[in-house]
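According to the working numbering, the residues represented by the sequence shown are -9 to 301, in order.
Just so you know, even glycine gets a beta-carbon here, dropped at the ideal spot from N, CA and C.
Only a predicted model underlies this, so the values are computations on that prediction, with no experimental measurement involved.
Have a look at the structure below, then the notes.
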Amino acid sequence: MARSSQPGASLPTGQPGRSLDDVRGRMLAVVAVSTALLVAGCSDDGADTPVARPTASTSSEPAPGPSASTTPRPPLGTVPPPWLGKRVLPTTAEGYGEQRPTPPALRNRRFTLPDTLPMLPGTGFKAVVTDPAPTQVIARSTWAPECPVRADQLSWIRLTFRGFDGSRHTGELLVNSAVDDQLVRVFHDLWDADFPMEQLAVTTVAERDAAPTGDGNGTGAFNCRPSTGGSSYSQHAYGLAVDVNPFQNPYLKGDLVLPELATSYLDRGTVRRGMITPDGPVVRSFAAIGWGWGGGWNSLKDYQHFSANNR
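Here it is, written out as structure tokens:
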């Protein structure tokens, strides 16, 4: 504030050398400083006073990013749910899991699980057959001395396949050595037909004997076990059968559905990716090597199953 001056005013007693204008000016300055301190939120006695806060329009802090709730979620069925393979079903008297409706995340199942083997070189279809299968591969399979095929009668096939993500993947099969070249031709045909699969892997003892979760979907061949619902060895125990995308192509006999959560895929008229159809490339490719399809059986339907003797 500008100071005013009044000529001719007398000097106050005890204040030599200062005019009234000087005194008034100092008093006004004190008032101005006190007012500024109050606005700034400070008082003479140190008591708290309101402090001015910057508004949103004047803040220099960056605006927060989008919250997790606004991040788009991937479509159902395109990524594995976190509970996949972990939720054990109650077991029935027959030893199977309790039948349940298909969860929404699996009603149009179209994800691919991570590969368990290094990628084979190249960009197209490739298969590498090792006959007989290496000891370490037999050791992690379901083979045991009592199985109806010797370990040296099994071949290990590493091969590429199309995933549901459209990418090139590498998987493995353990099969009877008598049919390894034929099965390579079949899977080459499926590659050319762009038929997707979720995972190709060798079945382990832990997987075979695990409590049922009803959501497995591995394409595989050798599995030393009895036939479903029977006591004699399955054709899988000889390495002479292949199951393709079991979830999209379940087993049905009476009220029994396997996998137990695959009930929505009993609707064979609503064709989704990974399903096997009577006139599609999977049936056609296996038929070319003389293998039959369980989806054409009368007493039951095993839509995933192909075997050398059609059993």
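With respect to the C-alpha of glycine 204, the residue from Thr61, Val272, Leu74 having the closest C-alpha is Leu74. Per the DSSP secondary-structure output, serine 145 pairs in a beta bridge with Val165.
Taking one beta carbon from each stretch, the segment 175 to 187 and the segment 243 to 252 have fewer than 3 pairs nearer than 8 Å; the two do not touch. In this model, glycine 161 and leucine 230 are separated by some 18 Å (Cα to Cα). Its chain contains Arg130, Ser131, Thr132 as the residues whose beta carbon lies nearer than 8 Å to that of threonine 194, once the 5 sequence neighbours on both sides are disregarded; these appear in chain order.
In the structure shown, proline 186 adopts extended strand secondary structure according to DSSP, grouped into three states. The continuous beta strand (DSSP E) containing threonine 120 extends over residues 117 to 120. The distance from the Cβ of glutamine 294 to that of methionine 265 is about 10 Å, inconsistent with a contact at the 8 Å cut-off. One thing to note: alanine 200 has its Cβ no nearer than 8 Å to the Cβ of threonine 106.
Taking every protein chain shown into account, the CB of asparagine 166 has 16 or more other CB atoms within 10 angstroms, so this residue is buried.
In the three-state reduction of the DSSP assignment, arginine 198 falls in the helix class, which pools H, G and I. In this structure, the straight-line span from the alpha carbon of aspartate 269 to that of arginine 97 is close to 23 Å. Here serine 275 has Val176, Asp179, Leu180 as same chain residues with Cβ atoms under 7 Å from its own Cβ, once five neighbours each way along the sequence are excluded. In this structure arginine 90 does not touch glycine 67 by the C-beta definition: roughly 17 Å separates them, more than the 8 Å allowed. Proline 216 counts as exposed, since fewer than 16 other C-beta atoms from the protein chains shown sit within 10 angstroms of its C-beta. DSSP places alanine 298 in no beta strand (DSSP E); its state is neither H nor E. For valine 127, the enclosing alpha helix (DSSP H) stretches over residues 125 to 129. For glycine 259, the number of other beta carbons within 10 angstroms of its own is below 16, and it is reported as exposed. Counted as a single uninterrupted DSSP element, the beta strand (DSSP E) harbouring alanine 231 occupies residues 231 to 233. Proximity to valine 119 across Leu144, Ser289, Val261 peaks at Leu144, based on C-alpha coordinates.
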